[in-house]
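K.L.:
Under this note's numbering, think of the first position of the sequence shown as 1, with each following residue one higher.
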Amino acid sequence: MYEQGGGAGGQSTGYRGSTYQAAPGDDLAPLKSHSKSTKSDVIRGIPANSEYLDGRYRVEPSMKFEPGNVFKVMWSEPKGGTIPGGGSRFSDTLLHDHMSGVWTGFRRFIVIRNGEGHCSCVPILTYGKLGCLKNGVKPHHHGIVFEKGQQPIRLANEPSLGFGPICMEMNTGEHISEESRVNYSKLVTVEHNVKVLFVGRVLYDDWPTVQQAVDECWDAKKSHRSEHPGGGHGHGHRSGHRKRSKGS
C-alpha cells in the first residue's frame, strides 16, 4: 500500500473539495422525482432501498479508503430532458429509469487522501463516451486512465491532455472504458458512511503522476484565488502517497 505523505516536491499542498455524504434517512427514503437539479459540486448517494441493483455496495471500514484505491458509488439523478449519461456527472451509461423518473448511475473515484470519517478523491469520467471532446471540458485538467493489460487511447481529434496516462489494476469482473478520463481539478470529499464498491487500484509506478496532477491543479486554483481575493478559503487536505508492501 502507499503511505500518506506530502504533495509533489515534498511540499504540503492544501485541497478544498466538495462533500459527498449519506443523508439521514437514506435507508428509508423511496426513489422520487425532484423539481430541482442537484448542484454540480454535490453528488447525492442512491437510497439504500435500491440496493437490489447490486448488493455488493456496502459501508466499508475506513482503512479500505487508502490512497490509490478506486471505488464506485451508486446514486440517483432526477430525470430531465436529456439522458444524464451523456453529461459530465456520470461515468457510465445509465442502468435504467427506476420508479418515479429517477435515473440510476455510477461514478468512480480515486482516493487521494484518507482522513477521519472521510476521504478526498478525484472522479473518473467518460463524458458520455466523448472523453475530452465534450464541450466545456478542460483537457488540461485531465489524464487518461486505462486497465492493466490494455493501452491508453486518445480518441480521434481529442486534444492533448494535461497529464500522462495512468494504469489501474482492476478487481475481478470490473472494467473501465477506453474513454475514461480523470478530472484532477475536481476534488470531492466522500464520507466513509456511504455505500461503495471497490473496483481496483492505481498501479504504484503511476501514483506519482496522480499526485503531481492533483498538486498542480490545486496550485493553479490557489494562484487564481490570490489574484481574485474574496473567493473564500476552505479547510485543506494534503495529497496522500502509499508504498505498496511486499505481497500486496
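Cβ coordinates follow ideal geometry from the N, Cα and C atoms, glycine included.
#1: Buried or exposed: which applies to G128, given that a residue is buried once 16 or more other Cβ atoms fall within 10 Å of its Cβ?
#2: Around the C-beta of G55, are 16 or more other C-beta atoms found within 10 angstroms, so that it is buried, or is it exposed?
#3: Quick check on the DSSP output: what are the complete beta strand (DSSP E) runs of length 3 or more inside the region 149–208, in order along the chain?
#4: To the nearest angstrom, how far is it from the Cα of F146 to the Cα of S177?
#5: Within 8 Å, do at least three Cβ pairs link the region 59–72 to the region 103–118?
#6: Determine the direct distance from the alpha carbon of P208 to that of R58, and round the result to whole angstroms.
#7: Does DSSP classify G72 as helix, strand or coil?
#8: Alpha carbon to alpha carbon, how far is G164 from G143? Give it in angstroms, no decimals.
#9: Cutting at 7 Å between CB atoms, please list the residues of its own chain near H141, excluding the five before and the five after it.
#10: Relative to the C-alpha of R181, which candidate in I124, G105, S120 has its C-alpha closest?
#11: How big is the Cα-Cα spacing for E191 and F71?
#12: In the DSSP assignment, the beta strand (DSSP E) including G55 goes from what residue to what residue?
#13: Taking DSSP as the reference, what is the three-state secondary structure of I110?
#14: For K148, I'd like the list of residues in its chain whose CB is within less than 8 Å of its CB, leaving aside the five on either flank, ordered along the chain.
#15: Taking the CB atoms as reference points, tell me whether D122 and L187 lie closer together than 8 Å.
#16: For the candidate residues P152, C132, V111, whose alpha-carbon lies nearest to that of V210?
#17: How would you label N69, buried or exposed, when you count the other beta carbons within 10 angstroms and need 16 or more for buried?
#18: Whole angstroms is fine: what's the gap from T126's alpha carbon to E179's?
P.N.:
According to the structure data:
#1: buried
#2: Exposure of G55 is indicated by the presence of fewer than 16 other C-beta atoms within 10 angstroms of its C-beta.
#3: The qualifying runs are 166–170, 181–183, 188–191, 196–202.
#4: 8 Å
#5: yes
#6: 29 Å
#7: Here the sequence assigns Lys to residue 72, which means Gly is not the residue at that position. If DSSP states are grouped into helix, strand and coil, K72 belongs with the strands.
#8: 6 Å
#9: G162, N183, Y184, S185, C217
#10: I124
#11: 13 Å
#12: Taken as a continuous stretch (DSSP letters only), G55 belongs to no beta strand (DSSP E), as it is neither H nor E.
#13: strand
#14: C167, M168, E169, M170, L203
#15: According to the sequence provided, residue 122 is Val. The question's Asp does not apply to it. Going by C-beta atoms, V122 is nearer than 8 Å to L187.
#16: V111
#17: buried
#18: 5 Å
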